[in-house]
Amino acid sequence: MKEELYTIPVNEAFDKQDECAFCALHQKLEKDILDYVMGPSYMEEDVRGETDRLGFCEEHYRQMFQAGNRLGLALMLSTHMKKLRADMQKLLPEELDAADSGRRGLFKKQEAAGPFVQYAQEVEDSCYACRRMAGRMNSYVDTFFYLWKKEPEFRQKVLSGKGFCLKHFKRVMEEGKKRLSSAEYRDFLKQLIPVQTENFQRVEEDVDWFIQKFDYRFQKEPWKNSKDAVERAILKIAGVNVGEGEKK
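Put into structure tokens, the structure is as follows:
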């Protein structure tokens, strides 16, 4: 199988046989983007301009803080706050003017959100990391279907793997319906559904055995593959990595 640069990350993710290759891609991409934001991007005006404008969501602020690079985070926050303050200084007087207009029309109810309220909602909803990740994950999905159709070795790698989390299996089904002919999509499902259901059952059985191990009658029995069953079950259901269990 000949590899191109853009196919390497997807191929490598499926080589690792994680509980969900797309979750593994997402996790690595997220780390790379956040490391970049708090490191080399400080010297790149176009990136800094985007982070100043978009900011980050609650989850990515939390992750950046927990990463421990307080100086890198402070450098990003400094310029972002300057942008926010400049926008606030412009919009808050407009909000006051709108309130004054409302006082003059005593019986007129002000239903539309004012300029600052709209702006604050946009800030709350925007995230540089989420936007970058969405674009890159779209590319990974494109590559997945390209390889599925063109490379028998890749298809076999997927079929011998551990399936997907529910979220990414749903996306693979949605995208497959758009990208494949009716006959191709039916064949796609016939091959993937057994992989998904069998691997879901495998994790379910690991969880059941994990529970059994807390019964005194099974204390001397081996753990088998159940020690990280809780972590892998959460990843399988929700696509959330709460530990290193998916590496098993």
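Per UniProt numbering, the sequence shown starts with residue 1, numbered consecutively. Even for Gly, the Cβ is constructed at its ideal location relative to N, Cα and C.
Start and end residues, alpha helix (DSSP H) containing residue i
i: proline 152; result: 152-159
i: threonine 51; result: 45-54
i: aspartate 35; result: 21-37
i: asparagine 11; result: 8-15
i: glutamate 122; result: 115-125
i: glycine 176; result: 166-179
i: tyrosine 61; result: 58-66
Top-ranked residue by Cα proximity to residue i, from the options
i: valine 195; options: Glu124, Tyr61, Lys167, Leu159; result: Leu159
i: serine 126; options: Ala120, Thr7, Glu50, Leu54; result: Leu54
i: glycine 114; options: Arg132, Val123, Gly135, Leu92; result: Leu92
i: residue 249; options: Asp18, Lys162, Lys150, Glu205; result: Beyond the ends of the chain as shown, which are 1 and 248, falls residue 249; an answer cannot be given.
i: lysine 16; options: Phe65, Phe154, Arg136, Cys57; result: Phe154
i: residue 317; options: Met88, Glu19, Asp97, Leu75; result: Because residue 317 is not part of the residues shown, which for the chain are 1 to 248, the question remains open.
i: glutamate 198; options: Tyr216, Lys162, Lys213; result: Lys162
i: histidine 60; options: Asp46, Leu77, Glu44, Gly49; result: Leu77
i: valine 37; options: Val203, Val47, Asn138; result: Val47
i: aspartate 18; options: Arg217, Phe164, Gln121; result: Phe164
i: residue 249; options: Ser41, Asp35, Thr79, Asp97; result: A query on residue 249 cannot be resolved here, the shown segment of the chain reaching from 1 to 248 and no further.
Neighbour flag for residue i against chain D, beta carbons, 7 Å
i: lysine 82; result: The structure shown contains no chain D; it is built from a single protein chain.
Cutoff 6 Å; reference residue i; Cβ partners in own chain excluding five residues on either side
i: leucine 5; result: none
i: phenylalanine 169; result: Gln196
i: proline 9; result: none
i: isoleucine 33; result: Ala129, Arg132
i: lysine 83; result: Asp52
i: lysine 247; result: With a pLDDT of only 41 at lysine 247, under 50, the local geometry of the prediction cannot be trusted, and the value read off the model is given with reservation. Answer for lysine 247: no residue qualifies.
i: phenylalanine 200; result: none
i: arginine 85; result: none
i: alanine 98; result: Gly114
i: leucine 29; result: Met133, Arg136
i: tyrosine 42; result: Leu75
Proximal residues to residue i (C-beta, below 7 Å), its chain only, five neighbours per side dropped
i: alanine 13; result: Ala21, Ala24, Leu25
i: phenylalanine 144; result: Val10
i: cysteine 57; result: Cys127, Cys130
i: tyrosine 119; result: Asp87, Leu91
8 Å CB neighbourhood of residue i in its chain, flanking five on each side removed
i: valine 207; result: Ser226, Ala229, Val230, Ala233
i: leucine 166; result: Lys236, Ile237, Ala238, Gly239
i: leucine 189; result: Met173, Gly176
i: glycine 243; result: Asp228, Glu231
i: lysine 224; result: Asp206, Trp209
i: lysine 213; result: Gln219, Glu221, Trp223, Ser226
i: tryptophan 148; result: Phe154, Arg155, Val158, Phe188
- Item | Sufficient close CB pairs (3 or more, under 8 Å) joining the stretch 230-237 to the stretch 12-31 | Yes, the stretch 230-237 is in contact with the stretch 12-31.
- Can you list the alpha helix (DSSP H) stretches of 4 or more residues lying completely in the stretch 210-240, in chain order? Qualifying alpha helix (DSSP H) stretches, in chain order: 229-238.
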